[in-house]
Amino acid sequence: MGRKPCCDKMGLKKGPWTAEEDEILVNYINKNGGHGSWRSLPKLAGLLRCGKSCRLRWTNYLRPDIKRGSFTLEEEKLIMQLHGILGNRWAAIASQLPGRTDNEIKNLWNTHLKKRLICMGLDPQTHQPLSSSRNPNDKAHAASSSTRHMAQWESARLEAEARLSRDPHLFNNTNKTDSDYFLRMWNSEVGQSFRDVHKSDNKGSCQSPISLGSLSATTTTYFASNPANVVAKEDLVWGGSKKIASDSSSSSELEEDSCDTSLQLLLDFPINNDMSFLE
DNA sequence: AATCTTAGCAACCGCGGAACG
DNA sequence: ACGTTCCGCGGTTGCTAAGAT
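The first sequence: position 260 = 261 (this note's numbering), numbered continuously.
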């Protein structure tokens with residue numbers, strides 16, 4: 002006794018959406034101040050689609066807040082690092098990139114970023130070096146890394162909260178400080194994942210949603226590094242990135258550049274145990 | 001110019017979990 | 001507590017355009 006079929010067998014349309022269908026869907030949602038029940042929407046709007054298809058079309062394409070165009074270098078880097086923490090949780094990653102959809106990020110990952118990691122000799126799932134990711138002895142290393150990163154996270158969070166309590170207006174300031182950035186991240190799903198890892202770590206188990214192996218130095222160092230510093234290092238570590246950043250086809254060009262060890266330098270930036278980067 | 005290959009992207013499918021009766 | 005329905009997510013597929021041969 003399986004689930005009822007969603008839309009196939011019902012004579013509903015599948016495949017690419019036409020401009021007319023888009024218009025009907027957008028008009029309906031605008032007119033009703035929201036989509037309401039996706040399941041009943043197609044009928045009410047007069048569309049020969051299933052609710053699922055409508056939802057997908059809306060969330061991935063028609064939503065007014067969708068950011069169109071290529072990913073910036075910053076976005077790509079952020080995705081890489083978030084993936085190191087969250088794994089294939091595209092929706093969670095997308096929540097950190099306003100205007101980007103999970104589908105879009107997933108596509109970017111599968112077409113560019115994954116290859117880039119492989120090219121660098123890193124396992125795209127664990128972000129660990131391909132050779133050592135199979136080495137059981139790396140568990141201890143990964144665990145100690147995560148502990149250090151945890152401390153960095155916590156320090157960054159405390160500092161950010163202290164700053165926020167001193168200057169509450171900062172939170173609404175568009176020119177946010179890096180500490181505020183940490184605070185937002187900490188309070189987001191990303192931070193939650195990190196806390197989950199720490200929790201299970203304390204219990205002496207690795208049954209967290211994210212394996213310790215996935216918490217590479219690579220990943221967490223990104224957050225422990227001043228984002229501004231990372232940007233400043235671009236010329237050094239993302240060789241030729243200026244050209245790439247201004248080029249919408251950056252991804253394909255980066256494929257070659259990414260094999261350069263300079264990218265590795267960014268991703269394996271040494272862990273900074275003092276929190277001076279917050280200054 | 002024709003054909004083949006590859007990359008990029010939109011859309012579909014099925015599963016799991018939340019909500020509800 | 002249990003069954004059903006709905007929604008959201010992640011994996012996968014398939015179409016199209018661009019590039020290579």
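Think of the CB as a built atom: it goes at the ideal place given N, C-alpha and C, for glycine as much as any other residue.
Environment of residue i [buried if 16+ CB atoms lie within 10 Å]
i	result
Arg69	exposed
Thr102	buried
Trp52	Going by the sequence as given, residue 52 is Gly instead of Trp. Gly52 is buried by the Cβ-count criterion.
Ala46	buried
Ile106	buried
Glu24	exposed
Glu21	exposed
Residue i versus residue j: straight-line alpha-carbon distance, rounded
i	j	result
Thr112	Gly85	17 Å
Gln126	Trp110	11 Å
Arg50	Asn108	24 Å
Arg90	Gly34	29 Å
Ser38	Lys15	20 Å
Lys116	Pro130	14 Å
Leu87	Asp66	24 Å
Glu77	Ile119	16 Å
Leu123	Glu75	20 Å
Ser96	Arg40	24 Å
Leu48	Val27	11 Å
Ala92	Lys44	28 Å
Selected residue, minimal CA-CA separation from residue i, among the options
i	options	result
Arg58	Pro17, Pro130, Pro125 and Lys107	Pro17
Gln56	Asp124, His36 and Ala20	Correcting the residue identity first, residue 56 is Arg in this sequence and not Gln. Checked all of Asp124, His36 and Ala20; the closest Cα to Arg56 is His36.
Thr19	Leu45, Ala93, Ser54 and Gln82	Ser54
Leu79	Leu42, Asn89, Asp66 and Ile94	Ile94
Arg64	Leu123, Gly100, Cys120 and Asp124	Gly100
Leu114	Leu48, Glu75, Met81 and Asp23	Met81
Leu83	Glu22, His128, Val27 and Leu26	His128
Phe72	Asn61, Pro130 and Leu98	Leu98
Expected contact under 8 Å - CB spacing of residue i and residue j to nearest Å
i	j	result
Tyr29	Leu42	7 Å
Asn61	Asn104	5 Å
Three-way DSSP call (helix, strand, coil) for residue i in this model
i	result
Pro125	coil
Pro99	coil
Pro65	coil
Pro43	helix
Ser215	Low per-residue confidence applies at Ser215: pLDDT is 36, beneath 50, and the placement is therefore not dependable, though the value from the model is reported in the following sentence. In this structure, Ser215 counts as helix in the three-state DSSP scheme.
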